[in-house]
Amino acid sequence: MESITFYGITLSGQIYFIAFICLAVLVFYTYTSFKKKKGKSFNSDASSLSSSLILTTPHTICDSINCIRCSRNHEILQLALTRLSYLSESDKYTKNDLKYLSKDIEKSLACIKEKEKGLPSKKHDSSQHSTPAVFQMFGLKDQELWSIKDFPALQILNQHLYDITCEFQHLYDHFLTDETVWKVNSTNKGRWEIAHLINQGHTTKVAEMCPVTYQILKKIPYFLDNNLFGDASYSVVHSGTDISTHCGSTNIRLRCHFGLIVPPNECYLKVGEKICHWKENQVLCFNDAYAHSVHHNGQKASGMRVVFMFDIWHPDVTESQKQILNYAFSS
């Protein structure tokens, strides 16, 4: 039988074969162990990087695939540009409005792409200026808080506080566990529940369940209706809740909070660098394109803060521009 020498040891052919198999197994084991160790190290580094990015991201991003602010921003801006290209030959709208709004959409799209690539944002500090997450229309007055004296039609809400509150209470008492009615939004701590009558321009079944509130909303001439950027909902924040700093989708709107149930001296809204408090039967109007956050510091016994939340047009947007924007961002 033929013999060979392996690492100074004389082996027969059979023993050589066995030794070869053992060596192959040893090499394979060593390789796979190294790969697992390397992979574990990589995953650990990736996890740390992901956590770092989450902690240092200035504005909250949700994980909803249908959210126009967080997931569909590219899509709706590109579609808006396409729609406006169809209007370019029409005499119904002024050429200047079409020209400048198209440029604003293009700039907004470019800004989103820059942020996704990790490039420095050209926008101002969101605590000092509005920094909408999706679309910025240039030339609009930029301020955090607005007086309701500028919107006298909102007084209709004061006349119907009881009706709006009753419809909320019925919805909350009987349908809280219905996930098609009430959604639980993510928060740093605590609990934030929301029931949309209108969600990104689409009317929901909640509007049918709250007909009085819905009809009152429709009577407000400034309401941002039939537009992806328009929302209306009941918003419930429980004691011990902090809603992270975030910016709204656009500066063409102002957000209104009509106080239904408000624990005194326990809750506040921070918009930019300004602090404000809700009051029952009063409307708080602010530009949610500014970085803003919500805080309920009360104990459980203090109860929940409830507002009816809806969007109105920024007063500087002209009627012609509203028509163009409603077409570009139609729901």
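When you line the sequence shown up against full-length UniProt numbering, it's residues 1 to 331, in that order.
Glycine included, every Cβ here is placed at the ideal spot set by N, Cα and C.
According to DSSP, is residue i helix, strand or coil?
i, result
"lysine 274", "strand"
"histidine 202", "strand"
"valine 317", "coil"
"leucine 325", "helix"
"threonine 250", "strand"
"alanine 289", "coil"
"phenylalanine 175", "helix"
"leucine 228", "coil"
"proline 58", "Summary for proline 58: the model assigns pLDDT 44, below 50, so the residue's position carries little reliability, and this model does not support an answer."
"asparagine 66", "coil"
"arginine 72", "coil"
"glutamine 299", "coil"
"serine 85", "helix"
"serine 94", "The sequence shown places threonine at residue 94, not serine. Of the three classes helix, strand and coil, the one that applies to threonine 94 here is coil, per DSSP."
"lysine 218", "helix"
According to DSSP, which residues form a beta bridge with residue i?
i, result
"lysine 183", "Ile194"
"isoleucine 261", "Val306"
"lysine 189", "Asp242"
"leucine 284", "His257"
"phenylalanine 223", "Ile312"
"valine 294", "Ile243, Leu269"
"serine 235", "Ile194, Val307"
Between residue i and residue j, is the Cβ-Cβ spacing less than 7 Å?
i, j, result
"threonine 241", "threonine 187", "yes"
"asparagine 226", "glycine 248", "no"
"glutamate 114", "asparagine 287", "no"
"alanine 232", "leucine 217", "yes"
"isoleucine 148", "leucine 140", "no"
"valine 206", "isoleucine 261", "no"
"serine 331", "leucine 228", "yes"
"leucine 84", "alanine 291", "no"
"tyrosine 93", "isoleucine 324", "yes"
"glutamate 280", "glycine 303", "no"
"threonine 213", "isoleucine 156", "no"
"isoleucine 252", "histidine 170", "no"
"leucine 224", "aspartate 311", "yes"
"isoleucine 112", "leucine 81", "no"
"phenylalanine 135", "serine 108", "yes"
"tryptophan 182", "glutamate 193", "yes"
"cysteine 285", "leucine 254", "yes"
"alanine 133", "arginine 72", "no"
"cysteine 256", "valine 283", "yes"
"tyrosine 222", "phenylalanine 151", "yes"
"glycine 190", "histidine 238", "yes"
"leucine 87", "leucine 79", "no"
"serine 320", "isoleucine 243", "no"
Any alpha helix (DSSP H) of 4 or more consecutive residues that is wholly inside the region 96-168: 155-158
At least 3 beta-carbon pairs within less than 8 Å: the region 284-301 vs the region 262-272: Proximity of the region 284-301 to the region 262-272 meets the contact definition, three or more beta-carbon pairs being nearer than 8 Å.
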